[in-house]
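Participant: Under numbering that gives the first Met the number 0, the residues of the sequence shown are numbered 0 to 110, in order.
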Amino acid sequence: MSAFIAVLILISSVTLIRESLVVLMEGVPKHIDVTTVGQTIAKMDRINGIHDLHIWTLHSGRIALTAHIEISQMSHWEQLLPQLKELLKTQFNISHITLQPETTEHILRRH
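1) Pick out whichever of Met-0, His-95 and His-67 has its Cα sitting closest to the Cα of Thr-57.
2) Report the rounded CA-to-CA distance for Ser-1 versus Leu-64, giving the unit in angstroms.
3) Please state whether DSSP places Ile-70 in a helix, a strand or coil.
4) What are the boundary residues of the alpha helix (DSSP H) that includes Gly-37?
5) Return the first residue and the last residue of the beta strand (DSSP E) that Pro-81 is part of.
6) Taking its Cβ as the centre, do 16 or more other Cβ atoms sit within 10 Å of Glu-77, making it buried, or is it exposed?
7) On the CB-based measure, 16 or more other CB atoms within 10 Å of its CB, does Ile-93 come out buried or exposed?
8) Under DSSP, the beta strand (DSSP E) around Ser-50 begins and ends at which residues?
9) I'd like the span of the beta strand (DSSP E) that includes Pro-100, first residue to last.
10) Comparing C-alpha positions only, which one of Leu-7, Val-36, Leu-80 and Pro-28 sits nearest to Asp-51?
11) Can you give me the C-alpha to C-alpha distance between Ala-5 and Ser-11, rounded to a whole angstrom?
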């Protein structure tokens, strides 16, 4: 009986350690495909592109995202930001979101 309990504890421990390592290593959650998230954002109206997209687990159940969003005019940002946050929350359950808008003109000057 004690061997059975020891095996149960061992199995539970391995699962917990594996989940903890994903959080500590700031890994992408298993159920999220970074490419799909990027493509979903890029398909939105008035978004020209996305780069520097990073997604990671903060702690159990809380997911963070940072990205640079390319738009043609900065005046679009005030309307786009709440739409992007709602999209990421509802479709991907991403709750901690930091987005940096960049105009296409700014990106061209930088390169």
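Think of the CB as a built atom: it goes at the ideal place given N, C-alpha and C, for glycine as much as any other residue.
Facilitator: According to the structure shown:
1) It should be noted that the sequence gives Leu, not Thr, for residue 57. With distances taken between Cα atoms, Leu-57 lies closest to His-95.
2) 44 Å
3) strand
4) 33-41
5) Note, Pro-81: premise wrong, no beta strand (DSSP E); alpha helix (DSSP H) at 76-91.
6) exposed
7) buried
8) With the sequence shown as reference, residue 50 is identified as His, and Ser is not the correct amino acid for it. Start and end: 46-58.
9) 95-102
10) Val-36
11) 10 Å
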